[in-house]
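Peer 1:
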Amino acid sequence: MFHHMTIAGLERDLPICKVNDDLYIAGFVIFGDPELTVACARELLKKAPKYDYIITAEAKGIPLAHEMARQAGDAKYILARKGPKLYMQDITEVSVKSITTAKEQHLFLDGSDAKLMEGKNILIVDDVISTGESLSALEALVEKSGGHICGRMAILAEGDAQDREDLVYLEKLPLFNPDGSIKA
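And the structure:
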């Protein structure tokens, strides 16, 4: 089963994937699709507020943040990692539960990135916002670092995220029943 949609002017068929017996979602992955990544970054930048740095969470938001930063001429963007790395110092950590992961995860921010965000306008970006848990974790990292959240952006908003007035996104992504029909 697939869900056909147009995103940033490009047509894609998204596979419908089981989350549990009652809930299915359309799998949206920009990895390996540079045409879509470039188009989505371009369209989001048209709607982006003035910012100092973009932040995203590992991993699916990386191509989007990278391409947005490249198109905007930014020298740097910030990445919250799923695990601490040896090169990271003075790490800030928050926990997150996402609809696409089976267990609680953690996001880690290097201390030098945290210092960069202090007093700066930070734009949070991700590929899909659904439950808002990943978004909340990124917000917590920005706030712990003394940054000011100037915007929240995603390519797609799924479920309740579609009703958020603080979220800018390109398209709505429905939730699905086991038979592939869109949930009411």
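Take the sequence shown: its letter number 173 is residue 174 in my numbering, and every next letter is one higher.
By construction, the Cβ of each residue, glycine as well, lies at the ideal position given by its N, Cα and C atoms.
#1: Determine, using beta-carbon pairs with one atom in the region 44-54 and one in the region 64-73, whether at least three such pairs fall under 8 angstroms.
#2: With DSSP run on the structure shown, which of helix, strand or coil describes Gln90?
#3: Given that a residue counts as buried once 16 or more other Cβ atoms are within 10 Å of its Cβ, and exposed if not, what is Phe32?
#4: Could you give the distance in angstroms between the alpha-carbon of Asp180 and the alpha-carbon of His5?
#5: In angstroms with no decimal places, state the Cα-to-Cα distance between Val30 and Asp128.
#6: Count the other C-beta atoms from every protein chain shown that fall within 10 angstroms of the C-beta of Thr7, then say buried if there are 16 or more, exposed otherwise.
#7: Taking only the alpha-carbon atoms, compute the straight-line gap between Gly133 and Lys86 and give it to the nearest angstrom.
#8: Tell me, which residues are paired with Pro35 by DSSP?
#9: In chain order, which continuous runs of the beta strand (DSSP E) of length 3 or greater are located wholly inside the region 14-69?
#10: Measure how close the beta-carbons of Gly120 and Gly147 come, nearest whole angstrom, since I'm counting them as under 8 angstroms.
#11: Return yes when the Cβ of Ala155 is within less than 7 angstroms of the Cβ of Lys173, no when it is not.
#12: State the Cα-Cα distance for the pair Ala70 and Tyr78, rounded to the nearest angstrom.
#13: Kindly indicate the opening and closing residues of the beta strand (DSSP E) around Met154.
#14: Can you give me the C-alpha to C-alpha distance between Glu59 and Ala40, rounded to a whole angstrom?
#15: Going by DSSP, what residues sit across from Met6 in a beta bridge?
Peer 2: On the basis of the data shown:
#1: yes
#2: coil
#3: exposed
#4: 15 angstroms
#5: 8 angstroms
#6: exposed
#7: 25 angstroms
#8: According to DSSP, which records beta bridges pairwise, Pro35 is partnered with nothing at all.
#9: 25-27, 54-58
#10: 6 angstroms
#11: no
#12: 7 angstroms
#13: 149-159
#14: As the crow flies, the alpha-carbon of Glu59 is around 20 angstroms from that of Ala40.
#15: For Met6, which the question treats as bridged, DSSP gives the partners Arg13.
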